[in-house]
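One structure is given here, and the rest of the page talks about it.
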Amino acid sequence: MLIIALIVVMAVLRPSTFLSTGNAAVVLLDTAQTGILACGMMVLMISGMFDLSIGGILAFSGIIAGLTVKQLGWPPLPAFLAGCIWGALLGTINGALVTRFKINALIATLATLSIYRGGLQLVSGAGVTNIGNGYTVFGQTQLLGIYSPFWFMAVIVVLFGFLVGRTRYFRQAYYIGGNPRAAKLSGINVDRTVFSFFVIMGLLAGLAGALLASRLNTAVVLAGQGVELKVITAVVLGGASLAGGAGTILGAFLGVLLMALLQNAMIIAGISPFWQLIVVGIVLLISVGLDQFARLHHRT
814 MLIIALIVVM AVLRPSTFLS TGNAAVVLLD TAQTGILACG MMVLMISGMF DLSIGGILAF
874 SGIIAGLTVK QLGWPPLPAF LAGCIWGALL GTINGALVTR FKINALIATL ATLSIYRGGL
934 QLVSGAGVTN IGNGYTVFGQ TQLLGIYSPF WFMAVIVVLF GFLVGRTRYF RQAYYIGGNP
994 RAAKLSGINV DRTVFSFFVI MGLLAGLAGA LLASRLNTAV VLAGQGVELK VITAVVLGGA
1054 SLAGGAGTIL GAFLGVLLMA LLQNAMIIAG ISPFWQLIVV GIVLLISVGL DQFARLHHRT
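Numbering (the numbering used here), first residue to last: 814 to 1113.
Here it is as structure tokens:
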């Protein structure tokens, strides 16, 4: 309903700009990065966890992909896969800290965010510019007038929609998030399952980073800065609960789409980027507040 209302308002106020096919393509492309990350974040939040290091993983993975092409001379596909695998390795570290060493996910991923951001600057300095060697094929190819990152995201959303909705392994996330003690007593290996979800989150962040480097033909050290807030806001808007045990991939995508439309509307309206950040923060507060109210009301 919020998506429809926003579209109607902008269609009335700025019809020639907002309803153009070019603007629609821009909005869909804007959902790509956040949508890929939101699928992994939704799985984590259903299981009662979250990952605040995804921006660092995204940027570091893009740097790795760029360096393997420009400095090592790798072909585009192996370099792209290297970025994805690097993301999974960083996700493995997060998973080990949370499940093996029993560090709170908030503290663990805040710490690794700082570590990954510092590490990527040590490795690359100012970043990797003009990657070249055909690497842009993953991010600059168009299909039906829409750049390929959107289609990557669409495949990920469909795949994870099936996995979370239909497969036993991923549906364990609901039991873990709802009551981890009961899930463990029922035979679910909670630590192993949560660990795998962190690895998957890292893999998806690596994919997003490798795609961004391909789209820009540049791996930027500040890539993904602040993306954690956008992703968590979109996922909570899409029905995830901070307490765990709730949410769907479709809901996550709708949350991402709403955030993309909202940002696009603010840009068209000429609203300052600083106010845009304020709006995102307010939306997150309202979403969390409504979630808290719903849970308290449910208890009573």
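The beta carbon of each residue, even a glycine, is placed where N, CA and C say it ideally should be.
Alpha carbon of Ile1013 to alpha carbon of Gly904, nearest angstrom = In this structure, the CA atom of Ile1013 is about 7 Å from the CA atom of Gly904.
Run of the alpha helix (DSSP H) containing Trp887, from where it starts to where it stops = From DSSP, Trp887 is part of no alpha helix (DSSP H); its letter is neither H nor E.
Alpha-carbon to alpha-carbon, Thr912 and Thr922 = 12 Å
request  = Go ahead and pull the three-state DSSP assignment for Leu933.
outcome  = helix
Pro774, buried or exposed, once every other Cβ within 10 Å from all chains shown has been counted against 16 = Here the chain covers residues 814 to 1113 and nothing more, so residue 774 does not appear.
Between the CA atoms of Gly1102 and Leu1020 - distance to the nearest angstrom = Their Cα atoms are separated by approximately 32 Å.
query = Can you tell me where the alpha helix (DSSP H) with Ile1080 in it begins and where it stops?
reply = Ile1062 to Ile1081
message = Buried or exposed, going by whether 16 or more other CB atoms sit within 10 Å of the CB of Leu1070?
response = Result: buried.
task = Please name the residue in Phe951, Ile859, Ile916 and Val856 whose C-alpha comes closest to that of Gly896.
result = Phe951
Given Tyr988 as reference, the closest of Ala837, Gly1058, Thr830 and Tyr929 once Cα atoms are compared = Gly1058
ask   = In the DSSP assignment, what are the bridge partners of Val1033?
value = When DSSP reads this structure, Val1033 sits in a beta bridge with Gly940.
task = Assess, as a yes-or-no matter, whether the stretch 1048-1066 is touched by the stretch 853-870 under the definition of 3 or more beta carbon pairs within less than 8 Å.
result = yes
query = What is the DSSP secondary structure of Tyr1116, reduced to helix, strand or coil?
reply = The shown model of the chain, from 814 to 1113, leaves out residue 1116, and the question about it has no answer.
inquiry  = Could you check whether the stretch 1028-1048 touches the stretch 864-871, counting it as contact only if at least three pairs of C-beta atoms, one from each stretch, sit closer than 8 Å?
reply    = yes
message = Looking at the secondary structure, which residues open and close the alpha helix (DSSP H) in which Ser829 lies?
response = Counting along the chain, the alpha helix (DSSP H) containing Ser829 begins and ends at Pro828 to Phe831.
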